[in-house]
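One structure is given below, encoded as structure tokens.
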């Protein structure tokens, strides 16, 4: 992964002597660790990755995951694995001081480093100077390379396949949790390494709560429903939302769906390198705010997607001045939420291309009435 | 949750004026936030909880999750919800300064706070003095109250039910991922809010890698297998491992299983309040090291379990001097790993009682040969 390491330094105006990423206990793992060290399995709790300006990478591991680490590094001459023990000449302290001798300046990824780890690093490396390398780490992760896009495409395909099947799974009386179980089962059967986040299934009024978690509410005829879900594929995430109407029709909710679809189209039409995130968000919001549902689109239009579902960096939201670049992957997910009645959200994953965008997710987006 | 808040302060020798917990972006959420603020759904990214010595709790939320927050606080007069906006008089800065006026000392949970959040707090509250409240936050979480033990018991029951069913799911030619999919599906059907961690299924030699992630390896007769999995139930986790032999018998692996079982029994026999974690670990290790598999038990015997699978605090491991207390929930999971051949691990979740322990997980632990 020499090129990814070099990319991190290329985005830093002042180059530190090294960039250090440190994992704490799950879930407090720095996802960028897995960007620079491409290991397919393992948590690597407590592990540290040290990236050098020449593209090389030192990785520490506990004996527990040493085998996976060596396997991952086998064909990459730029990666060196250090198995560390609790004490003695192979302790983390000794190994880190060997990797980082003298008084190095060390870039850190503050948003994914725990404060406890920061204090520990100050003790382990008392002569080092710690600086903020967030920008480099984040931007390097944002612009995906071909191998990452392939994994994201696979994750999106798994989600799309399940999204297409949802109408065939719906039955009067089934609970939100039951539908979530069926969907997650199918994602895993189709090759997912689990779901990428807690599946959101909201029936009826629950569909008006963007971050609702499924419960024992039963499906009854005449309600809208929001299904927001995604798969992991080799650590990369998809994130897709489809909304359905469980017949008979409700005239207002049909109109709401059409409006959300139009808002998504307006946003998609703007996607290309050089466009600021806020401009894309505004296009979708304008469509919704021109209707009687003005003000009911209550969240950002989209976020970066990659090793994390909320991957950091350029999103599509009101305050984002940063511009899109070729190779970025973002979600586009407008919604309208009518409290007490129901909501509609449509979410797709797209990769920014040289002149526009390409869908990674493919399931139908239009209004769909499923007979009860 | 007044009592939980008070518990945090009771464990702190020097009481700060407040204890503040801050969530970053998923997965960088402070699980202790959900210990003090018992809200059943939502991520609460960017939210802050401020606990006061009188047992009251201020919680900030984005408009996105305000509804869930208010619902959760409805019947608790000690919780106050503040919906914050990006700017203006309801911004986080203004709200925090209102909640924490003057020059307060503020305890933080360093292991679950990102360094970026720490720096942000220094800017938001320039007159405050930040101190380490990790011990209070962690210990309050370790000793579970009755409502937590009920949730953990339910999570463990779901895992145990699936554990019992594994033998009936095994078929020659099925892949590790397929078995994982079947198991996770059943957990969800039995009421889980998803899996609590990435399911580990290792067939044959893979069972010798403690943190292996399942792949496309097919089940063939004559191998051992390790299944390590768990459910979330209302945010609380279970973590159970069962090992099976897919016939015909391998004499050594049968002996390995019996040895691991004996090691677990030796450890369980010591569980009671007042016993240091390392003593329990040592008992299991001694059993294994008295056999020809000496040195092949390569990890700690167990960890605290709760809102996180690795819940922090007292574990059962070589260096742990801290002692068990009534109400703690820990895993007990000895294993033997023969590289290239196979491994066996048996893991149960137990709650420490006044005079000993009680199993939360219940599926059979003994050697089981499943006919191919």
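Protein chains in written order, with my numbering: chain A, 5 to 376; chain B, 5 to 376. Ideal Cβ placement from N, Cα and C applies to all residues, glycine included. Because the structure is a prediction, the values reported are computed rather than measured.
query	result
Closer than 8 Å to chain A by CB, residue 313 of chain B	yes
Residue 172 of chain A, buried or exposed, once every other Cβ within 10 Å from all chains shown has been counted against 16	exposed
Among B:220, B:202 and B:250, the one whose alpha carbon lies nearest that of residue 232 of chain B	B:202
Three-way DSSP call (helix, strand, coil) for residue 318 of chain A in this model	coil
Given residue 256 of chain B as reference, the closest of B:197, B:190 and B:345 once Cα atoms are compared	B:345
Residue burial classification, residue 370 of chain A (beta-carbon count within 10 angstroms, cutoff 16)	exposed
Where the alpha helix (DSSP H) containing residue 138 of chain A begins and where it ends	138–146
Neighbour-count burial assignment, residue 253 of chain A, 16 or more Cβ in a 10 Å radius	exposed
Exposure label - residue 11 of chain A; buried when at least 16 CB within 10 Å	buried
Limits of the alpha helix (DSSP H) - the one that residue 167 of chain B falls within	150–173
Rounded separation between residue 217 of chain A and residue 238 of chain B - CA only	10 Å
Assigned exposure category for residue 23 of chain A - 16 Cβ within 10 Å defines buried	buried
Residue nearest to residue 4 of chain B in terms of C-alpha spacing, selected from B:129, B:52 and B:364	Because chain B spans 5 through 376 in this model, residue 4 of chain B falls outside it and cannot be assessed.
Three or more C-beta pairs below 8 Å linking the region 263–274 of chain A and the region 165–181 of chain A	no
Test item: CB-CB of residue 49 of chain A and residue 62 of chain A under 8 Å	no
Near-chain A residues of the region 19–42 of chain B (beta-carbon distance less than 7 Å), N- to C-terminal order	28, 29, 30, 31 and 32
Chain B contact residues for residue 217 of chain A, given Cβ-Cβ distances below 8 Å	44, 45, 46 and 197
Amino acids of chain D, ordered along the chain, whose beta-carbon sits closer than 8 Å to that of residue 118 of chain A	No chain D appears in this structure, whose protein chains are A and B.
Among B:154, B:309, B:332 and B:373, the one whose alpha carbon lies nearest that of residue 351 of chain B	B:309
Where residue 349 of chain B falls: helix, strand or coil (DSSP)	strand
Nearest to residue 13 of chain A (by Cα), restricted to the options A:143, A:368 and A:159	A:143
Cβ of residue 357 of chain A within 8 Å of any chain B Cβ	no
For residue 332 of chain A and residue 318 of chain A, believed in contact at Cβ under 8 Å, the rounded distance	6 Å
Expected contact under 8 Å - CB spacing of residue 189 of chain A and residue 165 of chain A to nearest Å	Not a contact, Cβ separation roughly 13 Å.
Cut-off 7 Å between Cβ atoms - residues of its own chain near residue 15 of chain A, not counting five sequence neighbours on either side	139, 140, 143 and 144
Presumed contact (8 Å Cβ cut-off) between residue 361 of chain A and residue 275 of chain A, rounded CB distance	4 Å
Contact set for residue 199 of chain B: own chain, Cβ-Cβ below 6 Å, skip 5 residues either direction	188
Three-state secondary structure assigned by DSSP to residue 189 of chain A	helix
DSSP-derived helix/strand/coil call for residue 41 of chain B	coil
For residue 366 of chain A and residue 93 of chain A, the rounded distance between their alpha carbons	53 Å
Whole-angstrom distance between residue 307 of chain A and residue 168 of chain A, CA atom to CA atom	23 Å
Chain A within 8 Å of residue 193 of chain B, Cβ atoms only	yes
8 Å contact criterion, which residue 137 of chain A and residue 20 of chain A should meet: CB distance rounded	6 Å
Simplified DSSP assignment, three categories, for residue 373 of chain A	strand
Spatial distance of residue 96 of chain A from residue 90 of chain A (CA atoms)	7 Å
Opening and closing residue of the beta strand (DSSP E) in which residue 362 of chain B lies	361–363
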